[in-house]
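**Student:** Heads up: the sequence shown begins at 1 in the UniProt record's numbering, then just goes up one per residue.
Quick one: this structure, given as C-alpha cells, is what I'll be asking you about.
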Amino acid sequence: MAASSLIIRFPNTENSYLMKFDKDITISDLCCEIRAKIREANVGNPSSYGIFVTDPDPKHSFWLDNSRMLSYYHLRDNFEVEYRCKLRLLVIQTMDGTKKTLQVDDSKTIAELMDTICSKMGITNYEEYSLLRPMDEEEKMRTLTLRKAKSTAKDQDKLEKMKQKLHTDDELNWLSHGKTLRQHDVDESEILLLRRKFFFSDQNVDARDPVQLNLLYIQLKEAILNGTHPISLEQAIQLAALQCQSEIGILTAEKAKHNPVDLKEHLPKEYWKVKGVEKRIQEAHRNLGNFDERESKLRYVQLCRSLPTYGITFFLIKVSDIPWFHLIQNSCSRLIPGLSGYSD
1 MAASSLIIRF PNTENSYLMK FDKDITISDL CCEIRAKIRE ANVGNPSSYG IFVTDPDPKH
61 SFWLDNSRML SYYHLRDNFE VEYRCKLRLL VIQTMDGTKK TLQVDDSKTI AELMDTICSK
121 MGITNYEEYS LLRPMDEEEK MRTLTLRKAK STAKDQDKLE KMKQKLHTDD ELNWLSHGKT
181 LRQHDVDESE ILLLRRKFFF SDQNVDARDP VQLNLLYIQL KEAILNGTHP ISLEQAIQLA
241 ALQCQSEIGI LTAEKAKHNP VDLKEHLPKE YWKVKGVEKR IQEAHRNLGN FDERESKLRY
301 VQLCRSLPTY GITFFLIKVS DIPWFHLIQN SCSRLIPGLS GYSD
C-alpha cells in the first residue's frame, strides 16, 4: 500500500515531527494516529483539532476535510502541515445593534456555520439569514452590477438618480455561502452583520418569537425609510404611527407635547416636507388603540408584507432601449440602466 511522509508541526510549540501514513487513510484517522503517537497532540477536545495547510496568503490557507482520504490532496513527500485547533472567534452584530463574540469552526463554510451562528443569536430559521460586511459609499459603487466606467455620461446620470432613489442588493456585500471565513479574509476583530436575506417563511414570525420579530421589524423599517419599498403617503403615515406606538406607547396629550415626531426617522425622504404630515401621524397614532410594543411591531411587519415589493431583491442592470421583438431587425440598440427584481 502506497505511503506518504508528512512533517507535522505544532504552531504553539514550533515542534515538528516526521510521520509516515498510508495514502488511503482518512484525515480523521490521520489525526487519531497523530494523537496516539505524539504526546503534545493530546490536548483539548479531539474534534476541535485538524490538519491545516498554510500559505503566505492567509486566504489560500486551508483545512483538510476530515472525511477525505490523504490521497485526495496529492501532497508531496515531506510536505509540512500543522496540527492545530480549528476554533476561532467571530464577532456578529444584528440589526438591533446587539453584538456577540462567538467561537466557531474555522474549517467550515459560511453555509455550514449559519445554523450555529443563528442558534447562538436566538434565531431558529437559519436558512433565511446570511452574513454581510458593512460598506462605505465608495465600496458600494464598486459592487454595482452596472459599472460606472462603462456607462455614458447620460446613462451614468440616470444611474446616480436611480441609486439615490432606490436601495438595491448591490449595496449589500453578502459573504458567499460556499467559502470559509478565512477565504473571505475575515479577521477575528472584524464585525459582520447578521441579516435576513430570504423571506420564504417569515409568515411564521409573530409576537411569540420576539427576537426574530424585532430583527425583521428593524430591517423592514430601514427598507421603508430608505425607499427600498415605494409606499403611498397614507401607508407612510400608518407605518410611522405604528413606529411611534412601538416607541412611546399610547399617545396622550402629555406625550404628544414632549415627543414630537422626527420625520427623518419615521418617513421616507419624499414625505418629509408634506404640509401637516406630523399632525396626521399623531392623529393616526392616537387612533391605533391599546396595544403594546410587540403588537405594534407585528402590525408594522404585517403592513409591510402587504406591499407588492415585499420579498423582492432588486439589482441595477442594463437593458435594451428597444422592445425585444424588434432586436432581430434592428442591430443599433443601446443598453441603458434599468432595474431588475426577483423574489424567493
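Virtual Cβ for every residue (Gly too), placed ideally from N, Cα, C.
Taking the straight line between their C-alpha atoms, what separation do you get for Ile-8 and Lys-179?
**Tutor:** Those two C-alpha atoms are separated by around 26 Å.
**Student:** Quick one: Cα of Val-43 to Cα of Ile-110, how far?
**Tutor:** The alpha-carbon atoms of Val-43 and Ile-110 are separated by roughly 27 Å.
**Student:** Report buried or exposed for Phe-79, applying the criterion of at least 16 other Cβ atoms within 10 angstroms of its Cβ.
**Tutor:** When all chains shown are included, Phe-79 counts as exposed.
**Student:** List in chain order: all unbroken alpha helix (DSSP H) runs of 4+ residues lying wholly within the segment 238-325.
**Tutor:** Qualifying alpha helix (DSSP H) stretches, in chain order: 253-258, 263-266, 277-286, 293-305.
**Student:** Which residue wins for smallest C-alpha separation from Tyr-17, given the options Asp-206, Val-53, Ser-189, Glu-40?
**Tutor:** Ranking Asp-206, Val-53, Ser-189, Glu-40 by Cα distance to Tyr-17 puts Glu-40 first.
**Student:** On the CB-based measure, 16 or more other CB atoms within 10 Å of its CB, does Ile-250 come out buried or exposed?
**Tutor:** Exposed: under 16 other Cβ atoms inside 10 Å.
**Student:** Confirm, please, whether the CB-CB distance from Asp-106 to Leu-194 is below 8 Å.
**Tutor:** Their beta carbons are not under 8 Å apart, which means Leu-194 does not touch Asp-106 by this criterion.
**Student:** Just to confirm before moving on: does the CB-CB distance between Ala-102 and Ser-4 stay below 8 Å?
**Tutor:** Looking at the sequence itself, residue 102 is Leu, so the reference to Ala does not match. Their beta carbons are not under 8 Å apart, which means Leu-102 does not touch Ser-4 by this criterion.
**Student:** Identify whether Pro-11 lies in helix, strand or coil by the three-state DSSP scheme.
**Tutor:** In the structure shown, Pro-11 sits in coil (DSSP, three-state: anything other than H, G, I, E or B).
**Student:** For Leu-267, which residues of its own chain have a beta-carbon under 6 Å away from its beta-carbon, when the five flanking residues on both sides are left out?
**Tutor:** So the qualifying residues of the chain are Ala-236, Ala-240.
**Student:** For the beta strand (DSSP E) containing Val-205, name the first residue and the last one.
**Tutor:** Where Val-205 is concerned, there is no enclosing beta strand (DSSP E), given that its DSSP letter is neither H nor E.
**Student:** Note down the Cα distance separating Val-186 from Leu-131, rounded to an integer number of angstroms.
**Tutor:** If I take the Cα positions, the gap works out to 11 Å.
**Student:** Considering only the beta carbon of each residue, do Leu-288 and Leu-213 sit closer than 8 Å?
**Tutor:** In this structure, Leu-213 does not lie closer than 8 Å to Leu-288 by Cβ.
**Student:** Could you have a look at Lys-37 and say whether DSSP puts it in helix, strand or coil?
**Tutor:** Correct three-state label for Lys-37: helix.
**Student:** With DSSP as the reference, label Lys-197 as helix, strand or coil.
**Tutor:** Coil at Lys-197, not helix or strand.
**Student:** Measure the alpha-carbon distance for Ser-28 versus Tyr-300 and round it to whole angstroms.
**Tutor:** In a straight line, the C-alpha of Ser-28 is about 50 Å away from that of Tyr-300.
**Student:** If we count the other Cβ atoms within 10 Å of its Cβ and call it buried at 16 or more, is Lys-264 buried or exposed?
**Tutor:** Label assigned to Lys-264: exposed.
**Student:** Do Asp-96 and Leu-172 have their C-beta atoms closer together than 8 Å?
**Tutor:** No, Cβ-Cβ distance for Asp-96 and Leu-172 is not below 8 Å.
**Student:** Under DSSP, the alpha helix (DSSP H) around Lys-23 begins and ends at which residues?
**Tutor:** Here Lys-23 belongs to no alpha helix (DSSP H), and DSSP marks it neither H nor E.
**Student:** Three-state secondary structure (DSSP) at Val-104?
**Tutor:** In this structure, Val-104 counts as strand in the three-state DSSP scheme.
**Student:** Going straight from the alpha carbon of Thr-26 to that of His-177, what length do you get?
**Tutor:** Roughly 25 Å separates the two Cα atoms.
**Student:** Skipping 5 residues on each side, what residues in its chain have a beta carbon closer than 8 Å to that of Tyr-310?
**Tutor:** Cβ neighbours of Tyr-310 beyond the five flanking positions: Phe-199, His-229, Cys-304.
**Student:** Helix or strand or just coil, what does DSSP make of Lys-86?
**Tutor:** Note: Lys-86 maps to coil in three-state DSSP.
**Student:** Spatial neighbours of Val-91 within its chain, please: CB distance less than 6 Å, with the 5 preceding and 5 following residues excluded, ordered by chain position.
**Tutor:** Closer than 6 Å at the Cβ level, and outside the excluded window around Val-91, lie Thr-101, Ile-191.
**Student:** Where does Thr-228 sit, in a helix, a strand or coil, going by DSSP?
**Tutor:** Here Thr-228 sits in coil by DSSP.
**Student:** Among the candidates Lys-86, Ser-48, Glu-128, Pro-308, whose CA atom is the shortest distance from the CA of Ile-231?
**Tutor:** The shortest C-alpha separation from Ile-231 is found at Pro-308.
**Student:** Do Ser-246 and Ser-306 have their C-beta atoms closer together than 8 Å?
**Tutor:** No, Cβ-Cβ distance for Ser-246 and Ser-306 is not below 8 Å.
**Student:** Tell me the DSSP secondary structure of Ile-51 in three-state form.
**Tutor:** Ile-51: strand per DSSP, three-state reduction.
**Student:** In angstroms with no decimal places, state the Cα-to-Cα distance between Trp-63 and Asn-125.
**Tutor:** Each residue's alpha carbon lies about 28 Å from the other.
**Student:** What residues in its chain sit with their C-beta under 8 Å from that of Trp-272, if we drop five residues either side in the sequence?
**Tutor:** For Trp-272, where only same-chain residues beyond five positions count, the Cβ hits under 8 Å are Leu-263, Lys-264.
**Student:** Can you list, in chain order, the residues of its chain whose CB lies under 6 Å from that of Leu-278, leaving out five sequence neighbours each side?
**Tutor:** With the sequence shown as reference, residue 278 is identified as Glu, and Leu is not the correct amino acid for it. Hits under 6 Å: Val-261.
**Student:** How would you label Glu-188, buried or exposed, when you count the other beta carbons within 10 angstroms and need 16 or more for buried?
**Tutor:** By the neighbour-count rule (16 or more Cβ atoms within 10 Å), Glu-188 is not buried but exposed.
**Student:** Tell me whether Lys-99 sits in a helix, a strand or coil according to DSSP, three-state version.
**Tutor:** In this structure, Lys-99 counts as strand in the three-state DSSP scheme.
**Student:** Are there 16 or more other CB atoms within 10 angstroms of the CB of Ala-284, so buried, or fewer, so exposed?
**Tutor:** Counting Cβ neighbours within 10 Å, Ala-284 comes out buried, since at least 16 surround it.
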